[in-house]
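Remarks on the structure that follows.
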Amino acid sequence: MSGGLGSKHRLGVHEWLELLALLLPVIIAVPLYVHLCSKQGMLPGIDGPYYAVQVMSIDRMGTLKYPDPPLIFYVMYAFYKLSGSVFTGVRLGASLMMALSSLPLYILARRLTGSSIAALSSSVAFLAAPFEVRLLGDFLKNASGLLWVSLYILALYEASRGRWSRLRATAYLLALTLLAGLTHILDYGFIAVLTVVFILAQMLRGRFMVEAAAALTISIIIFYSAPMLQGGDLGKAFRLAEEGVSGREAKRGAKPLRHVGRPPAPHGGVTEIMKWLNILTVILLLMAALATRGLERMLLASIALSLALLALPPYGGGVSWRLQLMGGIPIAMAVGVIVGASGRERSAAMVGAALVGLIMLLGLYEAGFVAPSITPQAYNELKHALSTINSKCIVVRDPRLRYWAETISSNIHKTPEPGCGPPVIMDFNYRAPLGARYVYRGLYISAWMPG
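According to this note's numbering, the sequence shown is numbered sequentially starting from 27.
Set out below in structure tokens:
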């Protein structure tokens, strides 16, 4: 009898293979993502060091230096304490959260198609997509928040199937909506748009999904009433939407650097590829929706229409390319349903390999552009400059330099502040005005006192 009792808890070969298919992509993706975020021993993009500054501020003062949705910074802080390195904490926190986003997508694709091969294809397509690579190279907060988006879509599906009571479903959906809002405004925005579209789609079936409506409404009330929970991001989102609809794009960014410390060159070709990938994804999801019925049709169509509303209209250039980066989850769902509809296991495996292989090639191409905003040589010179300048008021206006400077010194300011003494202006070495008195001048970095 003991053998029979033990057998009830023993996983069979099929269950072990299913578990391996679920977890192995995450296990492989995390170290690859950490490696991608570690090029030249630094952090990627303009905002990479910004995350380190926020984590260091939590460690020193118990709060963030800059107003922002706080959740991811505390996750990074936990990994910083575990690893002993703030840069490692930033990399690990973002990499793990984004890799874990593939788990709900695997489960959802499995339930929609009944195919483990389709589920695995969906998971790997998400992890390898150029959208996710670009997010890791520039926007670690946005990348991390995809975990809540994927969990929300799975919870929305389960709640719509009537698996939970209304109170329980509302609690789950509200929790995930709040977690997304406390991580990044684009993740929260995608959930908001998807919720509205899905509710409208459900109304066509004669049902009003009160759980999703209540969760979204409560979250908006909370974030509107306490805007600093998101660092004011809800207001920024409204301004961004107004700018995009009006076709006006605010002037952003500084002049390109002229030395080895410059950031990677623009690569508009990849942005165009992402745009067309999103268009293809919308078409495929709508076709898949037409080939299904009931709840599955509503969900696939809602994801497709949400992506179309966010990423495809002719918004201003500064808005459009950011919204296009939300295409990773929809393309993963498209791959899953296509593979699931491909017939027997052999055919499904071939289709899955072909689609995932193509997406992986695009992701690898995008990975070539991931780089820190300055080179290690410029960073080392920055360290030397800050160690030799005797001033409590060092002003660094360019964020590409200021965030790195803030990882080294606490005497860094965006603008001269009252009472901090005569300012020393630091910038890349071609920026000094006429008549300035240099206090430091290197190959990449210069510092001066105004004349």
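Glycine is no exception: its CB is placed at the ideal position from the N, C-alpha and C atoms.
- Going by C-alpha distance, which of V377, L336, I434 and G383 is nearest F216? Nearest option by C-alpha distance: L336.
- Please determine, among I143, M313 and T243, the residue with the shortest C-alpha to C-alpha distance to L375. Reading the sequence as shown, one finds Ala at residue 375 and not Leu. It is I143 whose Cα lies nearest to the Cα of A375.
- Query: Between which two residues does the alpha helix (DSSP H) containing W430 stretch?
  - Reply: For W430, the uninterrupted alpha helix (DSSP H) run begins and ends at P425 to E432, by DSSP.
- Query: Between the C-alpha atoms of S399 and I415, what's the straight-line distance to the nearest angstrom?
  - Reply: When the Cα atoms are used, S399 and I415 turn out to be separated by approximately 23 Å.
- Nearest-angstrom Cα separation, counted from S373 out to L306: Those two C-alpha atoms are separated by around 22 Å.
- Does the distance from the CB of V81 to the CB of Y59 come in under 7 Å? No, Cβ-Cβ distance for V81 and Y59 is not below 7 Å.
- Item | Minimum Cβ-Cβ distance from L37 to chain C less than 7 Å | In the structure shown, chain C cannot be found, because there is only a single protein chain.
- Message: Tell me which residues share the same chain as L37 and place their Cβ nearer than 8 Å to its Cβ, disregarding the 5 neighbours each side in the sequence.
- Response: Excluding sequence neighbours, L37 sits near L45.
- Item | Same chain only: Cβ atoms within 8 Å of G74, ignoring 5 sequence neighbours per side | The beta carbon of G74 sits closer than 8 Å to the beta carbons of C63, M68, V116, L166, P398, S399 and Y429 from its chain, once the five residues preceding and following it are set aside; these are given in chain order.
- Could you give the uninterrupted runs of the alpha helix (DSSP H) lying entirely in the stretch 146 to 194, keeping only those of 4 residues or more? Within the stretch 146 to 194, the complete alpha helix (DSSP H) runs of at least 4 residues fall at 156 to 164 and 166 to 186.
- Length of the line joining the Cα atoms of S386 and A151: The sequence given here has Met at residue 386, not Ser. If you draw a straight line from the Cα of M386 to the Cα of A151, it comes to about 7 Å.
- Query: Roughly how many angstroms separate the alpha carbons of R323 and A238, rounded to a whole number?
  - Reply: Going from the Cα of R323 to the Cα of A238 covers about 18 Å.
- DSSP on G74, reduced to helix/strand/coil? Residue state, collapsed to three classes: helix.
- Nearest-angstrom Cα distance between P253 and I247? Each residue's alpha carbon lies about 10 Å from the other.
- Status (buried if at least 16 other CB within 10 Å, exposed otherwise) for I471: So I471 counts as buried.
- Item | Counterpart residues of P398 in DSSP-defined beta bridges | In the DSSP output, where bridge partners are listed per residue, P398 has G71.
- Item | Residues of its chain near V422, where Cβ-Cβ distance is below 6 Å and the 5 sequence neighbours each way are ignored | In its chain, beyond the 5 residues on either side, R428, A431, I438 and M452 have a beta carbon closer than 6 Å to the beta carbon of V422.
- Item | Reference V79, options K91, V236, L390 and G389, closest by Cα | Nearest C-alpha to V79: K91.
- Task: Identify every residue that forms a DSSP beta bridge with W474.
- Result: Answer is I451 and Y464, bridged to W474.
- Message: Here's the rule: buried if 16 or more other CB atoms are within 10 angstroms of the residue's CB, otherwise exposed. What is T441?
- Response: Exposed.
- For L200, which residues of its own chain have a beta-carbon under 8 Å away from its beta-carbon, when the five flanking residues on both sides are left out? In its chain, beyond the 5 residues on either side, A240, A241, I244 and S245 have a beta carbon closer than 8 Å to the beta carbon of L200.
- alpha helix (DSSP H) segment containing H40, residue limits: Its alpha helix (DSSP H) spans residues V39 to L62.
- Message: Pop quiz: Y132 and S111 are said to be a contact at Cβ under 8 Å. What is the actual Cβ separation, rounded to whole angstroms?
- Response: The beta-carbon separation of Y132 and S111, rounded to 31 Å, does not stay under the 8 Å limit for a contact.
- Using the Cα positions of L43 and G232, report the straight-line distance between them to the nearest angstrom. Rounded to the nearest whole angstrom, the CA to CA distance from L43 to G232 is 40 Å.
- Query: Do P93 and G258 have their C-beta atoms within less than 7 Å of each other?
  - Reply: Yes, Cβ-Cβ distance for P93 and G258 is below 7 Å.
- Query: Is there contact here, the stretch 118 to 129 with the stretch 170 to 180, by at least three beta-carbon pairs under 8 Å?
  - Reply: Contact between the stretch 118 to 129 and the stretch 170 to 180 is present: 3 or more CB-CB pairs across the two stretches fall below 8 Å.
- Message: For the alpha helix (DSSP H) containing E392, name the first residue and the last one.
- Response: It spans E371 to A393 - the alpha helix (DSSP H) in which E392 sits, taken as one unbroken run.
- Terminal residues of the continuous alpha helix (DSSP H) containing V363? V363 -> alpha helix (DSSP H) spans G354 to G366.
- Helix, strand or coil at H439 according to DSSP, with G and I counted as helix: Note: H439 maps to strand in three-state DSSP.
- Query: Taking the alpha helix (DSSP H) that K418 falls in, what are its first and last residues?
  - Reply: From DSSP, K418 is part of no alpha helix (DSSP H); its letter is neither H nor E.
- Query: Relative to the C-alpha of I53, which residue among R426, A404, I434 and L129 is closest?
  - Reply: Nearest option by C-alpha distance: L129.
- Buried versus exposed, by CB contacts within 10 Å (16 or more), L9: Within the shown structure, residues of the chain are numbered from 27 to 477, placing residue 9 beyond reach of any answer.
- Query: For K107, does the three-state DSSP call read helix, strand or coil?
  - Reply: K107 sits in a helix when the DSSP states are folded into three classes.
- Backbone CA spacing between R426 and L212 [nearest angstrom]: CA-CA distance, R426 to L212, rounds to 22 Å.
- Compare the beta carbon distance of N168 and L162 with 7 Å and say whether it is the shorter of the two. Contact: no.
- Roughly how many angstroms lie between the CA atoms of I309 and L303, to the nearest whole one? C-alpha of I309 to C-alpha of L303: approximately 10 Å in a straight line.
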